[in-house]
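Structure, as structure tokens:
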Amino acid sequence: MRRKFLIALLAGASLVAASIVPLSTSRAIATTLTPIAQSGKQAPVGELKFTGIITSIAISPDGQTLVVASGDGKITAIALDESQPIYTESFVGKPDAVDVSADGEIIAAAIGEEIVLLRLEDGDTIGTLRGHVSDISAIAIAPDNQTLVSVSSGDRTIRLWDLEGESEIEVLGENVGSEITVAYSPDGQFFVTGSIAEDRTIKLWDAKTPQWIKTSSQQPGFIYDVAITPDGQKIVAAVRNFLKVWDFIGGEELLSLKGAQLDLNAIAISPDSRVVATATKEGTIKLWNIATGQLLQTLSGHRGWVLSLVFSPDGRYLYSGAEDKIVKIWQIAPGIRDKGDKG
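Residues in the sequence shown are numbered from 1298 upward in steps of one, following our numbering.
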């Protein structure tokens, strides 16, 4: 997952002007949930309003808690069953990426050059990982909850961390470009990264050695987001205004969809590995059949860049966070999921 590069492309003045407050144990909440009546149109079923641009969102493995990072230096945990905030933690600096461990215990947040570890239950800070010398672009926690990988397009390094020991395991500098996105394979054996600038490639890494394995051909644009399907069979990437899918084992390109001249900012893959959601800087979200490339549904409602997407673990809902300071909640109709199954 990545956000730093895209956020930097937004209105810089508004981000600089965002309120920055010291680290605090305050539980002050500035978030509201607004239910939205359903209609014949594909409207969200609810929305969460915040006081800063939504930079990144993540969901707990039980689907009960949504973690939201915002550009005004806050991380908020939302109890989805009650549609109520649990806590908000404020930081000096802007969280650009968040992830939740597979055991539901830890939140990792990239804030500037550091990674802050928080306890999901109460938001207390339990550790800080330091080593990058430029802002961190993206992070991902390994499925075994033991390791975290981070990438920085600024210092052009990939770093692996021991979460329990809060220590740096390895720094990868060779074969590294301006990486801004990273994702683990579901078995934790591999991770992939995507880069921008002159590189514009997707790289596959052995997470255990750790070593570089191979690099894709140069792509037609920046790789803004990359993911591996939950079944471990495909790599999916947002490559400028292309949606691309590769076979994970053989590396063959299986799908290449070119959209309008609008960059795809973010992607998310359904738990059944059959549907991919894409988001653009105009605020439109689209659902696609990964196997056939069929457009399944278009979701409209955000104003401005959609920076982060995540499906609920049961695949029934999609959450989207955007420049408009809103997280929207979309219900994915069973018929849409069935279309994906038939791909």
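Glycine included, C-beta positions come from ideal geometry on N, C-alpha and C.
Owing to the predicted nature of the structure, the values given are computational and were not obtained by experimental measurement.
Check	Outcome
For Lys1555: DSSP bridge partner residues	Phe1539
Neighbourhood of His1429 by C-beta distance below 6 Å, restricted to the same chain and skipping five residues each side	Glu1410, Ser1449, Asp1452
Which of helix, strand or coil DSSP assigns to Ala1327	In this prediction, Ala1327 has a pLDDT of 40, which is less than 50 and means its spatial position is unreliable; nothing more can be read from the coordinates.
C-alpha gap between Leu1306 and Ile1499, whole angstroms	Confidence at Leu1306 is low in this model, with a pLDDT of 44, below 50, so its placement is unreliable and the value that follows should be read with caution. Each residue's Cα considered, the two are about 21 Å apart.
Pro1568 in three-state terms, based on DSSP	coil
Beta-bridge partners of Glu1467, as assigned by DSSP	Leu1457
C-alpha distance - Ile1408 paired with Glu1386, whole-angstrom precision	13 Å
Per-residue DSSP class, three states only, for Pro1631	helix
Span of the beta strand (DSSP E), counted from its first residue to its last, around Thr1444	1444-1449
Ala1405 vs Ile1433 beta-carbon contact at 7 Å	no
Distance between Phe1519 and Phe1487 (C-alpha atoms, nearest Å)	22 Å
Val1573 versus Ile1477, Tyr1616, Lys1511, Ile1412, residue with shortest Cα-Cα distance	Tyr1616
The segment 1507-1514 / the segment 1469-1486 touching (three or more Cβ pairs under 8 Å)	yes
Residues bridged to Leu1562 (per DSSP)	The question names Leu, but residue 1562 is Asn in the sequence shown. The partner list for Asn1562 (beta bridge, DSSP) is empty, contrary to what the question assumes.
7 Å Cβ cutoff met for Asp1560 and Asn1538	yes
Pairwise C-alpha distance: Ile1466 and Pro1341	42 Å
C-beta contact flag for Gly1485 and Asp1441 at 7 Å	yes
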